[in-house]
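Asks: Going down the list, the sequences are from chains A and B.
For the first sequence, the numbering used here assigns the number 4 to the initial residue and increments by one for each residue that follows.
For the second sequence, the numbering used here assigns the number 1090 to the initial residue and increments by one for each residue that follows.
Beta carbons are placed, not taken as given, at the ideal position from N, Cα and C, and that holds for glycine.
Here the structure is a predicted model, which is why all the values come from computation and not from measurement.
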Amino acid sequence: ETGVTQTPRHLVMGMTNKKSLKCEQHLGHNAMYWYKQSAKKPLELMFVYSLEERVENNSVPSRFSPECPNSSHLFLHLHTLQPEDSALYLCASSQAEGESGANVLTFGAGSRLTVL
Amino acid sequence: GQNIDQPTEMTATEGAIVQINCTYQTSGFNGLFWYQQHAGEAPTFLSYNVLDGLEEKGRFSSFLSRSKGYSYLLLKELQMKDSASYLCAVRDGDYKLSFGAGTTVTVRA
Chain A
4 ETGVTQTPRH
14 LVMGMTNKKS
24 LKCEQHLGHN
34 AMYWYKQSAK
44 KPLELMFVYS
54 LEERVENNSV
64 PSRFSPECPN
74 SSHLFLHLHT
84 LQPEDSALYL
94 CASSQAEGES
104 GANVLTFGAG
114 SRLTVL
Chain B
1090 GQNIDQPTEM
1100 TATEGAIVQI
1110 NCTYQTSGFN
1120 GLFWYQQHAG
1130 EAPTFLSYNV
1140 LDGLEEKGRF
1150 SSFLSRSKGY
1160 SYLLLKELQM
1170 KDSASYLCAV
1180 RDGDYKLSFG
1190 AGTTVTVRA
């Protein structure tokens, strides 16, 4: 496996379900990200982890709960979601080297979430 | 807050040139990125500008003017496979990358 892998690619869940999205990066990067992509809207940054520590939390509702057990894996735990949470959830990783570095993000293909 | 504007859609003919403009007003600036995203696929990195001027990479070029808060992505010798969404993004700080809504480019034969 290479790059950034996300599973599942598609997920349909009810508002009372609990599910998790998984992301794995095989690039040796030190930072991982969750973004939300809704139709015709800009990508929204949700969470950033650097060296397994959360460094950004963009006012995301508590029904989304991230977990970063090590530098290669990132999870997004979902519970009691709303229909407006239906979107494409993109994971990304980068080699962060401070403000002077380019810090280019490599994205996964995304998990398409539908909340009924 | 962050404000990044780019046109919603553009159409061009195969072999032609298209220029996608991006204007931004952000609280900080540590570089401007362009990404390409085909439908149903991951965004992929195209270019990075942190200093004023033009960066050329094959058929794609990107320009930045920090004083004007302006960038453009130039796509030359358009091919059908260039039909995609092009995302302008500005980095503020170490990690935060703010995106525009994307420009959907359609290449016609």
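Could you tell me which of A:T109, A:S53, A:Y36 sits nearest to A:L79, measuring between CA atoms?
Replies: Translated into positions along the first sequence, residue 79 of chain A becomes position 76. When each option's Cα is compared against that of A:L79, the closest is A:Y36.
Asks: Give, in chain order, every unbroken run of the beta strand (DSSP E) that is at least 3 residues long and sits entirely within the segment 56-118 of chain A.
Replies: With a minimum length of 3 residues, the continuous beta strand (DSSP E) runs that stay inside the segment 56-118 of chain A are 56-60, 67-73, 76-82, 90-97, 114-118.
Asks: Where do the ends of the beta strand (DSSP E) carrying A:M35 lie?
Replies: Looking up residue 35 of chain A in the first sequence gives position 32. That run of the beta strand (DSSP E) goes 34-40.
Asks: If I measure Cβ to Cβ from B:R1197 and keep anything under 6 Å in the same chain, skipping five residues before and after, which residues do I get?
Replies: Here residue 1197 of chain B is taken as the residue at index 108 of the second sequence, counted from 1. Hits under 6 Å: T1102.
Asks: Classify A:K43 as helix, strand or coil using the three-state DSSP reduction.
Replies: Position 40 of the first sequence holds residue 43 of chain A. Looking at A:K43 - three-state DSSP - the assignment turns out to be coil, as it is neither helix nor strand.
Asks: A:A105 and B:G1147: beta carbons closer than 8 Å?
Replies: The count along the first sequence starts at 1 and reaches residue 105 of chain A at position 102. The count along the second sequence starts at 1 and reaches residue 1147 of chain B at position 58. Cβ distance not < 8 Å, so A:A105 and B:G1147 don't count as in contact.
Asks: Is there contact between the segment 1122-1135 of chain B and the segment 108-116 of chain A, where contact requires at least three CB pairs shorter than 8 Å?
Replies: Result yes; three or more Cβ-Cβ pairs closer than 8 Å.
Asks: For a contact defined as C-beta to C-beta under 9 Å, what are the partners of A:G31 on chain B?
Replies: Against the first sequence, residue 31 of chain A aligns to sequence position 28. Correct list: empty, because the minimum Cβ distance to chain B is about 17 Å.
Asks: Please classify B:I1093 as buried or exposed, where buried requires at least 16 neighbouring CB atoms within 10 angstroms.
Replies: Reading the second sequence from its first residue, position 4 is the one you call residue 1093 of chain B. Buried is the call here.
Asks: Does the contact criterion of 3 or more C-beta pairs under 8 Å hold for the segment 87-101 of chain A versus the segment 20-32 of chain A?
Replies: Touching, per the Cβ criterion.
Asks: With DSSP collapsed to three states, give me the class of B:D1183.
Replies: Start at 1 with the first residue of the second sequence, and residue 1183 of chain B comes out as number 94. In this structure, B:D1183 counts as coil in the three-state DSSP scheme.
Asks: First and last residue of the beta strand (DSSP E) that includes B:D1094?
Replies: For the purposes of this step, residue 1094 of chain B is taken as residue 5 along the second sequence, with counting starting at 1. Where B:D1094 is concerned, the enclosing beta strand (DSSP E) stretches over 1092-1094.
Asks: With distances taken from CA atoms, which of B:G1158, B:F1134, B:K1165 is nearest B:T1115?
Replies: Here residue 1115 of chain B corresponds to residue number 26 of the second sequence, with the count starting at 1. The candidate whose alpha carbon is nearest that of B:T1115 is B:G1158.
Asks: Quick test of your reading: B:Q1091 and B:S1187, contact by CB under 8 Å. State the CB separation rounded to the nearest angstrom.
Replies: Taking the first residue of the second sequence as position 1, residue 1091 of chain B is located at position 2. Taking the first residue of the second sequence as position 1, residue 1187 of chain B is located at position 98. The Cβ separation is near 4 Å, so the contact holds.
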